[in-house]
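Notes to accompany the following structure.
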Amino acid sequence: MSSRFRRLGAVALGAAGMALCGLACAEPAAAAATASTMPWWAWPAILFVVSFLLGIVAVLGGVGGGVLFVPIVGGFFPFHLDFVRGAGLMVALAGALAAGPGLLKSGMASLRLAMPLAVIASAAAIVGAMMGLALPAKVVQTALGATILGIVVLMFLAKKSEYPEVPQADALSTALRMNGIFYDVASGKEVDWKVHRTVKGLVLFIGIGIMAGMFGLGAGWANVPVLNLLMGAPLKVSVSTSKFMLSIVDTSAAWVYLNQGAVLAMITVPSLIGIMLGSLVGVRLLKKVSASMVRKTVIAMLLLAGSRALLKGLGIWN
Amino acid sequence: MADMPDNGKQYASEEQLVYAHWLDWGMKIGFVILVVTFLGYLFGVTEPHVSHERLAELWSHPVRDYLKATDTHTGWTWLSLIGQGDYMNFIGIAFLSAVTAVCYLRILPIFIAAKDKVFTAIAILEVLVLVLAASGILVSGH
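Line by line, the protein sequences give chains A and B. With our numbering, the residue at position 188 of the first sequence is 188, and numbering never jumps. Count along the second sequence from 1, add 1000, and you get the number used in our numbering.
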């Protein structure tokens, strides 16, 4: 049974990689020929399959769907980046909405930790969304590529701390009661947690919100290091609270994209359903697939997609 | 109950549980609406504002050009097109985008009853931010 799951995981990763490589080779000609040579349903169908594979890989790689979706679909599909970012936000939002209730009920995500940070980040996400829609596509594409490559570096370098040392909670987090207890199933223990450096965290969430809105990425890749390494929340609380926070932050940006006409159902809905179904499969494969192999695949995919976005933005690889 | 830790104790606060409950139902209802309206659009049950073939010609253009070519306007004007297949999908998308604000409004009385002034203010502020984002008055474009 477990070898079957391992084979399935390897097949999913291989298929995702091959799909990406295939798109990379075919894209320049295909994008130009979209309207004339392919039926209208072909790209949404391919999008659904790729989103499904991305959903699997995202869960296995421990990244949000949006961070893979936007650079890959933006780089290798014929859709304009405006619509891809709109869909990316909805993908990240739907994933967060689906995960949020369970994380909140179990006490792994903390509403009191999320609310002050989310209000700052969601206001910033509106600014980011407006900037993204106002700037020329090439500028956004270039900045997106640079950001994705930055995320790759972050994935290489950033350490994670299961239970960071917080000698004393700061005054602000104490006043806001940004603390709690969660039950760590792995160790079978209750863990008391508190946070510090709250003001610095709030400032950083302005930048995170702007990037989430501008690129439609979701921002778990940035939320988690700030919550965990800077503010000192336990890793599981950071990951869970980050995922829940996306449901708030991405909502504000999603409204801007929706009202600006940058959400197309034909792109958004197949992506959303594909990623959600893929995530369900990914969760089942999670315990069976080698974490290091998945991590390398995700980094390789991000490297390719980030480079593609950067070079496309700079007009070098059109 | 399935989401409770396996030691049977409850670690989430009252407002967190209420928020989770509403979020759960909002997400499920929104997702069902989204899938149903999309299937209607995909299989041509409802006539779209922009035909599938025309959409495939336009989706590689910036949103500004798309709106101009399809004679569509920004803001809440999509409501006037809600009877058409493509814009009918916006019911589910807008529903999912509105769930968070509804959850905040639902837990607001809990903060007020607990005389938690700071979180009452934060909850109100968040709703105002989301309403501003949803208002359609924030216009940008390239």
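Just so you know, even glycine gets a beta-carbon here, dropped at the ideal spot from N, CA and C. Computed from a predicted structure; not experimentally measured.
Same chain only: Cβ atoms within 8 Å of residue i, ignoring 5 sequence neighbours per side
i: T251(A); result: L93 and S122
i: L157(A); result: none
i: L1132(B); result: L1138
i: E1014(B); result: I1110
i: K159(A); result: L229
i: A1012(B); result: A1020
Neighbourhood of residue i by C-beta distance below 7 Å, restricted to the same chain and skipping five residues each side
i: L272(A); result: M90, V91 and A94
i: M1(A); result: Since pLDDT at M1(A) reaches only 45, below the 50 mark, its modelled position is unreliable, and the value read off the structure follows with that caveat. Cβ neighbours of M1(A) beyond the five flanking positions: none.
i: V1018(B); result: R1106, I1107 and I1110
i: V298(A); result: V57, G61 and V63
i: Y1087(B); result: H1049, W1078 and L1081
i: I324(A); result: With chain A covering 1 to 318 only, the question about residue 324(A) has no answer from this structure.
i: K312(A); result: G75, Q141 and N318
i: S240(A); result: L103, M108 and A109
Sequence-distant residues of the same chain with beta carbon closer than 6 Å to residue i, five excluded per side
i: L204(A); result: V226
i: L302(A); result: I148 and V152
i: V49(A); result: none
i: G1026(B); result: V1099
i: P164(A); result: G232
i: A137(A); result: L81
i: V195(A); result: S173, M178, M231, G232 and A233
i: I1124(B); result: none
i: A29(A); result: Here A29(A) scores only 42 on pLDDT, less than 50, and its place in the model should not be relied on; the value that follows carries that caveat. Nothing listed; no residue qualifies.
i: A1020(B); result: none
i: T268(A); result: A87 and M90
i: L217(A); result: G66, V67 and V70
Candidates the options: closest to residue i by CA position
i: G128(A); options: D192(A), M115(A) and A253(A); result: A253(A)
i: A134(A); options: L1079(B), S1060(B) and R1064(B); result: R1064(B)
i: P71(A); options: F83(A), M130(A), L60(A) and G145(A); result: G145(A)
i: F215(A); options: A87(A), F52(A), L53(A) and F76(A); result: A87(A)
i: W255(A); options: M130(A), A118(A) and G75(A); result: M130(A)
i: L104(A); options: V237(A), A219(A) and N228(A); result: V237(A)
i: Q168(A); options: F83(A), R197(A) and V84(A); result: R197(A)
i: L154(A); options: L314(A), G213(A) and A219(A); result: A219(A)
i: F1119(B); options: K1009(B), Q1016(B), F1038(B) and Q1010(B); result: Q1016(B)
i: D1116(B); options: L176(A), I316(A) and S247(A); result: L176(A)
i: F1095(B); options: Y1011(B), V1035(B), G1008(B) and Q1010(B); result: V1035(B)
i: L282(A); options: S51(A), L47(A), V269(A) and G150(A); result: Checking the sequence shown, residue 282(A) turns out to be Gly, not Leu. Closest by alpha carbon: S51(A).
i: E1057(B); options: L54(A), F69(A), A42(A) and A186(A); result: A42(A)
i: S247(A); options: N223(A), G150(A) and P78(A); result: N223(A)
i: G201(A); options: D170(A), G180(A), L286(A) and L53(A); result: D170(A)
i: G1075(B); options: E1126(B), V1129(B), A1134(B) and G1092(B); result: A1134(B)
Under 9 Å by beta carbon: chain B residues contacting residue i
i: P234(A); result: Those within 9 Å of P234(A) in chain B number zero; the least Cβ separation is about 13 Å.
i: V269(A); result: L1034, V1035, T1037, F1038, Y1041, L1042, N1089, G1092 and I1093
i: I72(A); result: Simply none; closest approach about 16 Å.
i: A186(A); result: In chain order: nothing, as chain B lies at least about 11 Å away.
i: F79(A); result: W1059 and S1060
i: M90(A); result: I1093, L1096 and S1097
i: I206(A); result: Correct list: empty, because the minimum Cβ distance to chain B is about 13 Å.
Residue i: contacting residues in chain A (beta-carbon distance under 7 Å)
i: I1122(B); result: M115, P116 and V119
i: V1045(B); result: Those within 7 Å of V1045(B) in chain A number zero; the least Cβ separation is about 14 Å.
i: D964(B); result: Chain B is shown only over 1001 to 1142; residue 964(B) falls outside these bounds and no answer can be derived.
i: L1096(B); result: L93, A94 and L97
i: V1099(B); result: L97
Beta-carbon neighbours of residue i, restricted to chain B and to distances below 7 Å
i: D82(A); result: P1062 and V1063
i: A262(A); result: V1063
i: I46(A); result: The premise fails here: I46(A) is roughly 13 Å from chain B at the closest Cβ pair, so nothing lies under 7 Å.
i: V256(A); result: A1133 and L1138
i: F182(A); result: Y1011
i: L176(A); result: V1118
i: L172(A); result: Chain B residues near L172(A): none, gap ~10 Å exceeds 7 Å.
Partners in chain B for residue i, counting only beta-carbon separations shorter than 8 Å
i: V203(A); result: Per Cβ cutoff of 8 Å: no residues; V203(A) is ~17 Å from chain B at best.
i: G107(A); result: P1005, Q1010, Y1011, A1012 and Q1016
i: P101(A); result: D1003, A1020, H1021, L1023, D1024 and M1027
i: I275(A); result: Neighbours of I275(A) on chain B: none; closest Cβ ~12 Å, over 8 Å.
Listed by chain order, chain A residues near residue i by CB distance under 9 Å
i: L1130(B); result: S122, I248, T251, S252 and W255
i: L1067(B); result: Q260 and G261
Chain A contact residues for residue i, given Cβ-Cβ distances below 8 Å
i: G1075(B); result: N259
i: H1052(B); result: W40, W41 and M266
i: L1055(B); result: W40, L264 and M266
Margin query: My parser needs the alpha helix (DSSP H) runs of 4 or more residues fully inside the segment 200-252 of chain A; what are they?
Written below: 220-225
Check: Counting pairs of Cβ atoms below 8 Å between the segment 263-277 of chain A and the segment 104-119 of chain A, do you hit three or more?
Finding: no
Check: Can you give, in chain order, each stretch of the alpha helix (DSSP H) that sits fully within the segment 45-82 of chain A and has at least 4 residues?
Finding: 65-76
Notebook entry, point to check: Counting Cβ pairs closer than 8 Å, one from the segment 1100-1115 of chain B and one from the segment 1036-1053 of chain B, do we hit at least three?
Noted result: The segment 1100-1115 of chain B is not in contact with the segment 1036-1053 of chain B.
Next item on the list: Assess, as a yes-or-no matter, whether the segment 162-176 of chain A is touched by the segment 189-199 of chain A under the definition of 3 or more beta carbon pairs within less than 8 Å.
Entry: A contact between stretches requires three or more CB pairs, one per stretch, nearer than 8 Å, and the segment 189-199 of chain A meets this requirement with the segment 162-176 of chain A.
Next item on the list: Could you tell me whether the segment 1045-1055 of chain B touches the segment 1106-1113 of chain B, where touching means 3 or more Cβ pairs closer than 8 Å?
Entry: no
Check: Given 8 Å as the limit, is there contact between the segment 1068-1081 of chain B and the segment 301-316 of chain A, that is, 3 or more CB pairs closer than that?
Finding: no
Margin query: Runs of 4 residues minimum, wholly inside the segment 1093-1118 of chain B: which ones carry the alpha helix (DSSP H) assignment?
Written below: none
Checklist line | Segment contact flag, the segment 1076-1092 of chain B with the segment 288-295 of chain A, C-beta cutoff 8 Å, min 3 pairs | finding: no
Next item on the list: With a floor of 4 residues, list each alpha helix (DSSP H) that falls wholly inside the segment 104-173 of chain A, ordered by position along the chain.
Entry: 111-134 and 137-157
Next item on the list: Please list the segments of the beta strand (DSSP E) lying wholly inside the segment 1030-1072 of chain B, counting only runs of 3 or more residues, in order along the chain.
Entry: Qualifying beta strand (DSSP E) stretches: none in this window.
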